[in-house]
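As numbered in my numbering, residues 68 to 465 make up the sequence shown, in order. In this text, a Cβ means the ideal position worked out from N, Cα and C, and glycines have one as well.
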Amino acid sequence: MKKSIKILILSTIILTSLILEITGLSTDIGSYYAYVLKPLIWIFIGIICYFFFKDDVVANLKYKKEVNFCVIVATLIYFIIYFILGYIKGFAHNPYDSSLKGILLNLWTFVPILIVKEYARFYMINNCGKKRILIWALLISLLFVATDLNIYKFDTYFESRLSTLEFIMETFVPSLITNLFLTYISYFASYKATIIYSLLPQLAMYVLPILPDIDWATTSILSAIIPFFTYIYVNYLINKMDKTLKRKDNKTVGIKGWIAMLCFVVLMILFGLGVFPVEPLVIASNSMYPKIKKGDIVIIKDTDVNDIKQGDIIRYRMDSYYVVHRVVSISKDEEGNLEFITKGDNNNDVDLYPVKQQQVSGVIKLDIPYAGYPTLILSELLNTNNSEKVTVDKGRID
68 MKKSIKILIL STIILTSLIL EITGLSTDIG SYYAYVLKPL IWIFIGIICY
118 FFFKDDVVAN LKYKKEVNFC VIVATLIYFI IYFILGYIKG FAHNPYDSSL
168 KGILLNLWTF VPILIVKEYA RFYMINNCGK KRILIWALLI SLLFVATDLN
218 IYKFDTYFES RLSTLEFIME TFVPSLITNL FLTYISYFAS YKATIIYSLL
268 PQLAMYVLPI LPDIDWATTS ILSAIIPFFT YIYVNYLINK MDKTLKRKDN
318 KTVGIKGWIA MLCFVVLMIL FGLGVFPVEP LVIASNSMYP KIKKGDIVII
368 KDTDVNDIKQ GDIIRYRMDS YYVVHRVVSI SKDEEGNLEF ITKGDNNNDV
418 DLYPVKQQQV SGVIKLDIPY AGYPTLILSE LLNTNNSEKV TVDKGRID
């Protein structure tokens, strides 16, 4: 049997294994599916894979040692950044059963599946031939992306343009990047390296009693950038070992450059999370024109309310909106708490309600003209509910 036919048959079997989830029958079966049936199905797939490819020689392993080392380093970097974020943002108790029985039961639900996936990936990508290898790599990666998706939530992914965007950016793209990376590593190393990279983060999730309290979006970004930059470095390393890079190119591309880019991306993540004493905000109206215009990005610094002066431009919270307006006067309420009267420079009147000190969340320190327009345009395209828009003369950003 031709190797390509074997790969297509194995791919069909893997996709067929998802039928119970797609049709909803797995929900009817209940926990028996997750704890018994699904692991057994994947073990069966692993047996098929073994008999399909046991006699096929995989010879593309000359970089195995170097690639394995890079994967181990990438895994360590992932954990270092992950727990640094936990140190900054805080930790939370692991919601999974932390008893020995619970841990073993949870490990049974994913360890056999993960091992078989990487075993199958390794033999599929290394037996498809060098002709059209990039197309094969993409198709194999997409196959395993399909196995990673939460089929139970599939309908919710496309309920609205916003949910679709969230699905693409927070779920599909990170999963695709990770699977492309794992497929690439499988091609140049072995399934052992990809098992290590895939297994250790999930082991931590099920075994450790406490975990970093960071949101899913941040975890997704981290899960995407680590394999992305690791791929760049591994690719550079392989090219260098093959001597396909010119000497002058080697002077400008190297590990220092990739580390610098990785640090930059991590800093951007931390910046967006509000870890630093300053954070960005996209302005969505012209209520502060001409000082601050629609589409600008302002940099906000955490400031003690007692240090705020008349004339400062502050950010405050009103219902579900952030407002950026200028302080025109400061007073105190009956309890002695500060109140700020604010006004948009482009508005005729002051804002309808005094701003309580607990509403204030920073002072504007820098304005970057037009830098936020791409984000603003995307947000307006996704906001189809016009009833959610509010008027600027009430001091809200629409």
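Rounded separation between residue i and residue j - CA only
i       : j       : result
Ile-144 : Val-183 : 25 Å
Ser-165 : Leu-266 : 18 Å
Leu-152 : Asp-379 : 32 Å
Ala-141 : Glu-185 : 17 Å
Lys-168 : Asn-217 : 25 Å
Val-240 : Asp-222 : 18 Å
Leu-405 : Val-430 : 15 Å
Val-390 : Gln-424 : 14 Å
Phe-225 : Thr-238 : 13 Å
Lys-132 : Ala-256 : 8 Å
Pro-179 : Lys-156 : 33 Å
Gly-196 : Val-345 : 52 Å
Cys-116 : Asn-194 : 12 Å
Leu-270 : Leu-210 : 23 Å
Tyr-303 : His-392 : 50 Å
Phe-136 : Thr-370 : 46 Å
Lys-318 : Met-385 : Bear in mind that a pLDDT of 42 at Lys-318, under 50, signals an unreliable position, so the number given afterwards is only what the model happens to contain. Between Lys-318 and Met-385, the C-alpha separation is close to 53 Å.
Leu-206 : Ile-74  : 11 Å
Leu-201 : Ile-148 : 31 Å
Tyr-154 : Ser-290 : 18 Å
Leu-419 : Tyr-437 : 28 Å
Phe-146 : Ile-262 : 16 Å
Ile-397 : Tyr-298 : 55 Å
Pro-106 : Arg-199 : 33 Å
Asp-400 : Pro-268 : 51 Å
Thr-285 : Phe-150 : 12 Å
Lys-310 : Lys-69  : 34 Å
Ile-96  : Leu-171 : 22 Å
Lys-315 : Ser-208 : With a pLDDT of only 46 at Lys-315, under 50, the local geometry of the prediction cannot be trusted, and the value read off the model is given with reservation. So the two alpha carbons sit approximately 34 Å from each other.
Asn-415 : Phe-234 : 42 Å
Leu-433 : Pro-357 : 14 Å
Leu-104 : Ser-71  : 29 Å
Proximity of residue i and residue j at Cβ, strictly below 7 Å
i       : j       : result
Lys-361 : Asn-353 : yes
Leu-348 : Ile-367 : yes
Gln-377 : Val-365 : no
Val-242 : Asp-282 : Correcting the residue type first, residue 242 is Ser in the shown sequence and not Val. Contact: no.
Thr-176 : Tyr-102 : yes
Gly-403 : Met-355 : no
Val-301 : Val-427 : no
Ile-108 : Ser-84  : yes
Phe-189 : Ser-253 : yes
Tyr-258 : Val-138 : no
For residue j and residue i, believed in contact at Cβ under 8 Å, the rounded distance
i       : j       : result
Ile-80  : Ile-114 : Incorrect: roughly 11 Å between the Cβ atoms, too far for contact.
Met-191 : Leu-77  : 7 Å
Ile-435 : Thr-409 : That pair is no contact at about 22 Å.
Ala-213 : Leu-82  : 7 Å
Tyr-383 : Val-417 : Incorrect: roughly 13 Å between the Cβ atoms, too far for contact.
Ile-305 : Tyr-130 : 6 Å
Tyr-273 : Leu-181 : Not quite, the Cβ-Cβ distance comes to about 12 Å (not below 8 Å), so this is no contact.
Gly-439 : Ile-350 : 7 Å
Tyr-251 : Ala-187 : Not quite, the Cβ-Cβ distance comes to about 16 Å (not below 8 Å), so this is no contact.
Heavy atom of the ligand COA within 6 Å of residue i beta-carbon
i       : result
Val-103 : The ligand COA is absent from the structure shown, which contains no ligands of any kind.
If you pair each beta-carbon of the segment 87–103 with each one of the segment 153–170, do three or more pairs fall below 8 Å? Because the criterion of three Cβ pairs below 8 Å is not met, the segment 87–103 and the segment 153–170 do not touch.
With a floor of 4 residues, list each alpha helix (DSSP H) that falls wholly inside the segment 102–158, ordered by position along the chain. Those alpha helix (DSSP H) runs which fall completely within the segment 102–158 and span 4+ residues are 105–120, 131–156.
Is it the case that the segment 266–277 contacts the segment 116–124, given that we only count it when at least three CB pairs across the two stretches are under 8 Å? In short, these stretches do not touch, since the Cβ pair count stays below three.
As an exercise, report each continuous alpha helix (DSSP H) stretch of at least 4 residues that is fully enclosed by the segment 68–104, in chain order. The qualifying runs are 70–83, 86–89, 92–96.
State whether the segment 283–299 contacts the segment 247–258, with contact taken as three or more CB pairs (one from each stretch) at a distance under 8 Å. Per the Cβ contact rule, the segment 283–299 is in contact with the segment 247–258 (3 or more Cβ pairs under 8 Å).
Taking only runs that begin and end inside the segment 258–320, name each unbroken alpha helix (DSSP H) of 4 or more residues, in chain order. Whole alpha helix (DSSP H) segments, 4+ residues: 258–274, 283–308, 314–317.
Which whole runs of the beta strand (DSSP E) in the segment 340–402 are 3 residues long or more, in chain order? Taken in chain order, the complete beta strand (DSSP E) segments of 3 or more residues contained in the segment 340–402 are 345–349, 364–368, 380–385, 388–399.
Segments of 4+ residues assigned as alpha helix (DSSP H) that fall wholly inside the segment 156–197: With a minimum length of 4 residues, the continuous alpha helix (DSSP H) runs that stay inside the segment 156–197 are 167–192.
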